[in-house]
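Residue numbers (mature numbering (1 follows the signal peptide of the UniProt record, and there is no 0)): -22 to -1, 1 to 501.
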């Protein structure tokens, strides 16, 4: 009797802790399923016996590392714990291929290339079989034609339909075991898969769609064939999945979209394989093929919450909330409202991304952001801060006093590391503070001239700035409204007057049609 009560008490304690920490009691079945998943999809190094052995032990370093990688790639909170959301992710239908590269090698806005591509520019496709879901059949022909045209329009590829003989991209609707080594699993599982160029004898470029699914077009019911087709043809042309959620090559199906478009991430990916277009699309024919590799597979639907439209950066009313750097990848991030843009060292700008799709806890719009001496990106809003490492794992957060800042810096304007002395400075209103990164607190300074100090007593730019940054070229810039100022190299003196941010940074044309500036030397 006493033993039974003790067991009941232990169960109650376990349930309570599980509720408090949102960590479920993991059953043997779930742990076995997770271990198999981690090995199968490349989260565990199978050539390392210690890692393989640790895959079944949720307390092992190898298991926790693998879980963190999975959580990061799946876009859920990175905890290193096999929690409810992770189990749900593991149970979600997905691609049958191992996931790309460790998370440390992946960056924001980075497409993926698997290594093979068509060694010719004139390709053909053939519809081998149709689905009965969409009638008449010419609707399916139009869907596939438009899907391939989207890739054709941003590359020098020419892709035309043939009706007999061999084709580079055969398109089939099949069910179950269809003799390619990767059987479909019926309704509710994987949607489709495609083979890369020059990797499978007799299967190079093939795109297979699971006819057990209910494919539709122009409606939110069923699975939107338009999106799935564009995604699969990306694989047929040589692209892997992207971890960018807005990308066509993002592996999870995102539901019906009325007008599916390639993002900058997709375009950069295909143009890394094939040159940019030089003439309007026309087509010729040829074929090629070679040895076996697993196909890419499109995943089950994943809900997407609608978000407001991002602003037009060429609009003069746009003011930047913050500018931060990723010097290791030679990129910078420009933040406006709920969105940010990636701008590289050549001033090439990508599509906007929702801030919360990368840094989930951050409240927007941010007041300021910067990359600190630890290599972490730190966001500030009101009295709060969030510090994320390069893998987007939240390292610390809370009230800004925890970051060593006084509450008087709440609702700050800007923060940046000055290139001359590599010291961090915070700005708010008419004042500025000096910050010691080593001890993580603001500096008081000498009693005769303590911090905070008046901005105009040292810096040669106005009060109430919007943001500031020492950019990838080593020069410091201050942004005010739709304009910006540049500091002279290793100096507090301004290098010229106010300049137009949209025209020079975002390469927007002026109202009279002048060309935008094309290189950082114009900044």
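By construction, the Cβ of each residue, glycine as well, lies at the ideal position given by its N, Cα and C atoms. Owing to the predicted nature of the structure, the values given are computational and were not obtained by experimental measurement.
query, result
"DSSP state of residue 171 mapped onto helix, strand, coil", "strand"
"Nearest to residue 458 (by Cα), restricted to the options 48, 349, 404 and 392", "392"
"Continuous beta strand (DSSP E) stretch holding residue 148: start and end", "147 to 152"
"Cβ-Cβ distance between residue 470 and residue 446 below 8 Å", "no"
"Assigned secondary structure, residue 405 (DSSP; H/G/I helix, E/B strand, else coil)", "strand"
"Residue ranges of each alpha helix (DSSP H) within the segment 178 to 250, 4 or longer", "203 to 215"
"8 Å Cβ cutoff met for residue 422 and residue 428", "yes"
"For residue 105, the residue or residues it bridges with in DSSP", "149"
"Which listed residue (330, 120, 231 and 187) has its alpha carbon closest to that of residue 241", "330"
"Rounded C-alpha distance that separates residue 364 from residue 409", "23 Å"
"Meets three-Cβ-pair contact criterion under 8 Å: the segment 186 to 197 and the segment 212 to 226", "no"
"Whole runs of the alpha helix (DSSP H) within the segment 418 to 470, excluding any shorter than 4 residues", "none"
"Helix, strand or coil at residue 301 [DSSP, three-state]", "strand"
"The alpha helix (DSSP H) enclosing residue 3, as first and last residue numbers", "Counting along the chain, residue 3 falls outside any alpha helix (DSSP H), and DSSP gives it neither H nor E."
"6 Å CB neighbourhood of residue 343 in its chain, flanking five on each side removed", "299 and 315"
"Contact check, residue 176 vs residue 158, beta carbons under 8 Å", "no"
"Distance CB(residue 236)-CB(residue 302) smaller than 8 Å", "no"
"Test item: CB-CB of residue 448 and residue 371 under 8 Å", "no"
"Continuous beta strand (DSSP E) stretch holding residue 125: start and end", "Residue 125 -> not in any beta strand (DSSP E); alpha helix (DSSP H) instead, spanning 115 to 130."
"Residue 310 - DSSP class collapsed to helix/strand/coil", "strand"
"Beta-carbon proximity of residue 323 to residue 308, cut-off 8 Å", "yes"
"Limits of the unbroken alpha helix (DSSP H) element including residue 50", "39 to 52"
"Local Cβ density within 10 Å of residue 442, reported as buried at 16 or more and exposed below that", "exposed"
"Own chain, CB closer than 6 Å to residue 289, minus 5 neighbours either side, in chain order", "296 and 314"
"Helix, strand or coil at residue 479 according to DSSP, with G and I counted as helix", "helix"
"Residue 145 versus residue 101 - alpha carbon distance", "8 Å"
"Residue 170 versus residue 13 - alpha carbon distance", "25 Å"
"Residue 497, DSSP secondary structure in three states", "Residue confidence is low: residue 497 scores 43 on pLDDT, short of 50, so the model does not pin down where it sits. No coordinate-derived value is stated."
"Host beta strand (DSSP E) of residue 377 (start-end)", "372 to 377"
"Distance between beta carbons of residue 351 and residue 397, contact taken as under 8 Å", "With a Cβ gap of about 14 Å, residue 397 and residue 351 do not count as contacting."
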